[in-house]
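Data block below; observations after.
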Amino acid sequence: MPSPILERVKAHREALGRKEIEVAEWPDEDGSPTVFYATPITLAEMRRWYKGISGEDISVLVDVVIAKAEDKDGKKVFTLEDKQPLLKTAEFSVLSRIATAMMDHEDTDDLEKN
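Residue numbers (my numbering): 2 to 115.
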């Protein structure tokens, strides 16, 4: 049986839900911002992304976006086939902001309490 504390950890992660990230720089055909959704990132995911990174390899930002970006229905928006096109065409500050927002999945209620 899992530790009661681990059950609380799991409950906290589930309570966070999905984060909504608007990207005004990538508007749809109506001019509305593209919206991505992302679940909180686990340490296991971070370990997988950072494993093998050497020096100043920042392509991990693309890996984060590919792995975590979902549409409103929870379907993945990108595949690994999109990595090179994203690396070659996406503006760095936009992709960096998206990846950072996905990695910074803080509970705003907890922040307000502090």
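Idealized CB from N, CA, C, for every residue including glycine.
Given this structure, state the Cα-to-Cα distance separating residue i from residue j, to the nearest angstrom.
| i | j | result |
| --- | --- | --- |
| P34 | A100 | 16 Å |
| S4 | A16 | 18 Å |
| I42 | T80 | 18 Å |
| H13 | K20 | 14 Å |
| P86 | S94 | 16 Å |
| V78 | K11 | 25 Å |
| E23 | M2 | 40 Å |
| L88 | W50 | 16 Å |
| H106 | W27 | 22 Å |
Between which two residues does the alpha helix (DSSP H) containing residue i stretch?
| i | result |
| --- | --- |
| I67 | V61 to K69 |
| P5 | P5 to L17 |
At which residues does the beta strand (DSSP E) containing residue i begin and terminate?
| i | result |
| --- | --- |
| E23 | K20 to V24 |
Are the Cβ atoms of residue i and residue j separated by less than 8 Å?
| i | j | result |
| --- | --- | --- |
| F37 | E82 | no |
| T62 | L96 | Note that residue 62 corresponds to Leu in the displayed sequence, not to Thr. Yes. |
| V66 | M104 | no |
| A39 | K73 | no |
Taking all protein chains shown into account, do 16 or more other C-beta atoms lie within 10 angstroms of the C-beta of residue i, making it buried, or fewer, making it exposed?
| i | result |
| --- | --- |
| K52 | exposed |
| A45 | exposed |
| A25 | exposed |
| I59 | exposed |
Looking at the C-beta of residue i, does it have a partner C-beta in chain C at a distance below 8 Å?
| i | result |
| --- | --- |
| V63 | Looking at the structure shown, chain C is missing, and only one protein chain is on hand. |
Hey, is residue i close to the ligand GDP, as in C-beta under 7 Å from one of its heavy atoms?
| i | result |
| --- | --- |
| P34 | Although the ligand GDP was asked about, the structure shown includes no ligands whatsoever. |
What beta strand (DSSP E) runs, 3 residues minimum, are completely inside the region 31-57?
-> 35-39
Which full runs of the alpha helix (DSSP H) of 4+ residues lie inside the region 72-113, going along the chain?
-> 84-90 and 93-104
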